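Engineer:
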Amino acid sequence: QKEVEQDPGPLSVPEGAIVSLNCTYSNSAFQYFMWYRQYSRKGPELLMYTYSSGNKEDGRFTAQVDKSSKYISLFIRDSQPSDSATYLCAKINDYKLSFGAGTTVTVRA
Amino acid sequence: DSGVTQTPKHLITATGQRVTLRCSPRSGDLSVYWYQQSLDQGLQFLIQYYNGEERAKGNILERFSAQQFPDLHSELNLSSLELGDSALYFCASSINRESNTGELFFGEGSRLTVL
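In C-alpha cells:
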C-alpha cells in the first residue's frame with residue numbers, strides 16, 4: 816500500500832467552478848502535508864503546505880487536513896484555465912518527501 | 535524558473551547502455567534530490583545528497599548510482615538500461631539537510647527514452 820493515495824483523475828471542470836482534490840494517507844505519524852502543482856513539461860512546484868489539522872487559505876486555494884480520517888484536500892475556487900495542471904499531494908516522513916500519484920485537472924474556458 | 539538546471543532535457547538510448555544525468559542546484563542550496571516520474575509509478579524518490587554526502591535513499595535500483603561533487607552539482611548514473619527505465623528524471627534542491635517544510639525546488643527534468 817502506498818503511503819499516500821490519490822485519485823489520478825483526470826478531472827475536467829468549467830471555468831469558475833470549484834475544484835476539489837483529495838488524498839488519503841496511512842501513517843498517523845505524518846505531520847507535514849503539501850500540495851505541489853506540475854504544469855505540462857515542467858517540474859513540480861510547491862503550492863501550499865500545512866502541518867496541522869484544519870484549513871489553510873492562500874488566495875483562491877484552500878488546503879484542508881483531517882487527521883481523524885487521514886484525509887488531505889485541496890480546493891480551488893473560481894478556477895481559471897491557467898489552473899490546468901497536475902496536482903500532487905505529498906507528505907514528509909523521516910524527512911523524505913513522498914508524493915501521491917497526482918490528479919490531472921483541466922479547466923475549460 | 536526554479537533555479538535548478540538539468541541536462542540533458544531529452545535522451546534516447548538503447549537497452550544495456552549507460553547514461554549520466556546532470557543537475558545544478560539553486561545557488562546556495564546544499565541538498566540535492568533525485569526523483570523518477572513514470573505514468574504507472576508516479577513521482578518516486580530515489581536518493582538525496584547533502585553537501586556531498588548521501589543523506590537518504592529511496593527506491594533506487596542497484597544499477598543506478600549518484601554523487602554530489604564539491605561544487606554541489608550532482609550526477610545520476612543509470613547503467614544496464616532496460617525499457618522500464620524510460621521516465622522523467624527530476625532533480626530538486628533545498629537549502630536544508632532535512633526537508634522540514636517539504637519545499638523542494640525542481641528542475642524541468644530529463645526525459646529518458648530507452649529503445
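Chains A and B, in that order, give the protein sequences.
Residues in the first sequence are numbered consecutively from 816, following the numbering used here.
Residues in the second sequence are numbered consecutively from 535, following the numbering used here.
Each residue gets a CB set at the ideal place from its N, CA and C atoms; glycine is no exception.
Quick caveat: nothing in here was measured; it's all calculated off a predicted structure.
Show which residues of chain B have a CB atom less than 7 Å away from the CB atom of K857/A.
Structural biologist: By 1-based counting over the first sequence, the position of residue 857/A is 42. Simply E642.
Engineer: Which residues in chain C have a C-beta closer than 9 Å to the C-beta of F624/B? List them in chain order.
Structural biologist: You won't find chain C in this structure, because its protein chains are A and B.
Engineer: Which of helix, strand or coil does DSSP assign to S855/A?
Structural biologist: On the first sequence, residue 855/A is found 40 positions in, with the first residue counted as 1. In this structure, S855/A counts as coil in the three-state DSSP scheme.
Engineer: Can you tell me the Cα-Cα spacing of L564/B and M863/A, whole angstroms?
Structural biologist: Locating residue 564/B in the second sequence gives position 30, where the first residue counts as 1. Locating residue 863/A in the first sequence gives position 48, where the first residue counts as 1. Looking at the two C-alpha atoms, the distance is approximately 22 Å.
Engineer: Give the residues of chain A in contact with L598/B, contact being defined as C-beta atoms less than 7 Å apart.
Structural biologist: The residue given as residue 598/B occupies position 64 in the second sequence. The residue asked about is misnamed: residue 598/B is Phe in this sequence, not Leu. Residues of chain A passing the Cβ test: none, with the nearest at roughly 17 Å.
Engineer: Short check: CB of T647/B to CB of S620/B, under 8 Å?
Structural biologist: The residue labelled residue 647/B in the question sits at position 113 within the second sequence. The residue labelled residue 620/B in the question sits at position 86 within the second sequence. Closer than 8 Å, so yes.
Engineer: In whole angstroms, what is the alpha-carbon distance linking Y866/A and E860/A?
Structural biologist: As a first step, residue 866/A must be located in the first sequence, where it is residue number 51. As a first step, residue 860/A must be located in the first sequence, where it is residue number 45. Their backbone Cα atoms lie some 18 Å apart in a straight line.
Engineer: Would you tell me roughly how many angstroms separate the C-alpha atoms of G784/A and C838/A, rounded to the nearest one?
Structural biologist: Any answer about residue 784/A is impossible in this case: the structure gives chain A only from 816 up to 924.
Engineer: For the candidate residues S608/B, I629/B, E637/B, whose alpha-carbon lies nearest to that of Y623/B?
Structural biologist: Looking up residue 623/B in the second sequence gives position 89. When each option's Cα is compared against that of Y623/B, the closest is S608/B.
Engineer: Do the CB positions of A900/A and S913/A come within less than 8 Å of each other?
Structural biologist: Taking the first sequence and counting its residues from 1, the one referred to as residue 900/A is at position 85. Taking the first sequence and counting its residues from 1, the one referred to as residue 913/A is at position 98. No, the Cβ-Cβ distance between A900/A and S913/A is not below 8 Å.
Engineer: Closest to L595/B by C-alpha separation, out of L606/B, Y583/B, L612/B, L638/B, would be which residue?
Structural biologist: Start at 1 with the first residue of the second sequence, and residue 595/B comes out as number 61. When each option's Cα is compared against that of L595/B, the closest is L612/B.
Engineer: Can you list the residues of chain B that G915/A reaches, using a CB-CB cut of under 9 Å?
Structural biologist: Numbered from 1 along the first sequence, position 100 holds the residue referred to as residue 915/A. For G915/A, the C-beta contacts it makes with chain B under 9 Å involve G576, L577, in order along the chain.
Engineer: Thinking just about the alpha-carbon of each residue, which of L889/A, R875/A, K857/A is nearest to the one in Q821/A?
Structural biologist: Translated into the one-based positions of the first sequence, residue 821/A becomes position 6. Ranking L889/A, R875/A, K857/A by Cα distance to Q821/A puts L889/A first.
Engineer: DSSP three-state label for S897/A, please.
Structural biologist: Residue mapping note: residue 897/A aligns to position 82 of the first sequence, counting from 1. Note: S897/A maps to helix in three-state DSSP.
Engineer: Compute the minimum distance between the beta carbon of E637/B and the heavy atoms of the ligand FMN, and state whether it is under 7 Å.
Structural biologist: No copy of the ligand FMN appears in this structure; indeed no ligand is present at all.
Engineer: Cβ closer than 8 Å: which chain A residues qualify as neighbours of L587/B?
Structural biologist: Start at 1 with the first residue of the second sequence, and residue 587/B comes out as number 53. The sequence shown places Glu at residue 587/B, not Leu. The contacting residues do not exist; E587/B stays about 14 Å from chain A at best.
Engineer: Measuring only the C-alpha atoms, how far is R556/B from Q853/A?
Structural biologist: Walking along the second sequence from the start, residue 556/B turns up at place 22. Walking along the first sequence from the start, residue 853/A turns up at place 38. Cα to Cα, the separation comes out at about 21 Å.
Engineer: Q578/B to C625/B, Cα distance in whole Å?
Structural biologist: Along the second sequence, one-based indexing puts residue 578/B at 44. Along the second sequence, one-based indexing puts residue 625/B at 91. Rounded to the nearest angstrom, the two C-alpha atoms are 12 Å apart.
Engineer: Going by the DSSP bridge assignment, what does Y864/A pair with across the sheet?
Structural biologist: Taking the first residue of the first sequence as position 1, residue 864/A is located at position 49. Per the DSSP secondary-structure output, Y864/A pairs in a beta bridge with M849/A.
Engineer: Use the C-beta contact count for Q551/B: other C-beta atoms within 10 angstroms, 16 or more gives buried, fewer gives exposed.
Structural biologist: Locating residue 551/B in the second sequence gives position 17, counting from the first residue. Answer is exposed; the Cβ neighbour count stays below 16.
Engineer: Just reading off the beta strand (DSSP E) that G869/A is part of, what are its end residues?
Structural biologist: Start at 1 with the first residue of the first sequence, and residue 869/A comes out as number 54. From DSSP, the beta strand (DSSP E) with G869/A extends over 869-873.
Engineer: Cβ of E518/B less than 8 Å from any chain A Cβ?
Structural biologist: Residue numbering for chain B in the displayed model covers 535 to 649; residue 518/B lies beyond these limits and cannot be assessed.
Engineer: Does the Cβ of I833/A have 16 or more other Cβ atoms within 10 Å, making it buried, or fewer, making it exposed?
Structural biologist: The residue you call residue 833/A lines up with position 18 of the first sequence. It is exposed - the Cβ of I833/A has fewer than 16 other Cβ atoms within 10 Å.
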